[in-house]
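Asks: Chains as they are written, first to last, in the working numbering: chain A, 1278 to 1389; chain B, 167 to 277. This is the structure I have questions about; it appears just below.
Printed below as a string of structure tokens:
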């Protein structure tokens, strides 16, 4: 793995509770991304970051927020979890805007 | 609208039976096409990047090719360990930070 750690690896939470997922990288890459993966949909971009405190929305950003206070950490927060946010969440990094993404091993989130 | 479509959704092969996976795309301007392999419970693992029509890349039993409308991932004499989901992703002009992923092809290679 390209020095990417996602935590937790698995989480079960109840509808309406806040949840924070963490992505930590040791590669000092500028760009970080959060994707969700659902059967039949492929990977869909939630939010991304192009530097410390610089973030932007992806195609499925509703209900999610992110923060990046340090180069190595990118946090994804579900303010009030819903069952539709049950998914596998992947963090990815890259060092330039044209280079390949490298992914962590994901967080499986279940909202009951 | 930018779009990436992979076919087939699933493919079952016998060991040694060569085949190809397809990734067709519709984007305003291609800046790069990426192939990934994903094993169950893991994140996608980068395989290849292709930047222009006519380009080819090879790695062991895998060969990726690119035209103006689609990319193929050719698998020659596959082995059971090649079983995985193969994902294709496209980076379009103007979307320098965003990769658009296809839904993937699930490949099963049986001995």
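By construction, the Cβ of each residue, glycine as well, lies at the ideal position given by its N, Cα and C atoms. As the structure is a prediction and not an experimental result, all values here were calculated from the model.
Hey, is residue 1287/A's beta-carbon within less than 8 Å of any beta-carbon in chain B?
Replies: no
Asks: Which residues, in order along the region 209–236 of chain B, keep a beta-carbon less than 7 Å from a beta-carbon of chain A?
Replies: 209, 210, 212 and 215
Asks: When the distance is taken between beta carbons, is residue 1365/A closer than 8 Å to residue 1381/A?
Replies: no
Asks: Could you spell out where the beta strand (DSSP E) holding residue 1283/A opens and where it closes?
Replies: That run of the beta strand (DSSP E) goes 1281–1284.
Asks: Contact check, residue 174/B vs residue 271/B under 8 Å by CB: the rounded distance?
Replies: 6 Å
Asks: Would the beta-carbon of residue 191/B fall within 8 Å of that of residue 259/B?
Replies: For residue 191/B and residue 259/B, no; Cβs fall outside 8 Å.
Asks: For residue 196/B and residue 218/B, I'd like the C-alpha separation in whole angstroms.
Replies: 8 Å
Asks: Determine the DSSP secondary structure at residue 1339/A, reduced to helix, strand or coil.
Replies: coil
Asks: In angstroms, rounded to a whole number, what distance separates the CA positions of residue 242/B and residue 1359/A?
Replies: 44 Å
Asks: Does any residue of chain A have a CB that is nearer than 8 Å to the CB of residue 238/B?
Replies: Not one chain A Cβ lies under 8 Å of residue 238/B.
Asks: Can you pull the chain B residues whose beta carbon is under 8 Å from the beta carbon of residue 1395/A, in chain order?
Replies: Since the first and last residues shown for chain A are 1278 and 1389, residue 1395/A lies out of range.
Asks: Determine, for residue 1322/A, whether the minimum Cβ-Cβ distance to residues of chain B falls below 8 Å.
Replies: Yes - at least one Cβ of chain B is within 8 Å of the one on residue 1322/A.
Asks: Which value, in whole angstroms, describes the spacing of the CA atoms of residue 1367/A and residue 267/B?
Replies: 13 Å
Asks: In the DSSP assignment, find the beta strand (DSSP E) that holds residue 169/B and state where it starts and stops.
Replies: From DSSP, the beta strand (DSSP E) with residue 169/B extends over 169–173.
Asks: Given a limit of 7 Å on CB to CB distance, which residues of the region 179–198 of chain B reach chain A?
Replies: Taking 7 Å as the Cβ-Cβ cut-off against chain A, the residues of the region 179–198 of chain B that qualify are 197 and 198.
Asks: Tell me the DSSP secondary structure of residue 248/B in three-state form.
Replies: helix
Asks: Smallest Cα separation from residue 248/B: which of 220/B, 257/B, 178/B and 215/B?
Replies: 178/B
Asks: For chain A, is any of its Cβ atoms less than 8 Å away from the one on residue 273/B?
Replies: no
Asks: Can you name the residues of chain B whose CB is closer than 7 Å to the CB of residue 1379/A?
Replies: 212
Asks: Do residue 1344/A and residue 1355/A have their C-beta atoms within less than 8 Å of each other?
Replies: no
Asks: Can you tell me whether residue 1284/A is buried or exposed, with buried defined as 16 or more other CB within 10 angstroms of its CB?
Replies: exposed
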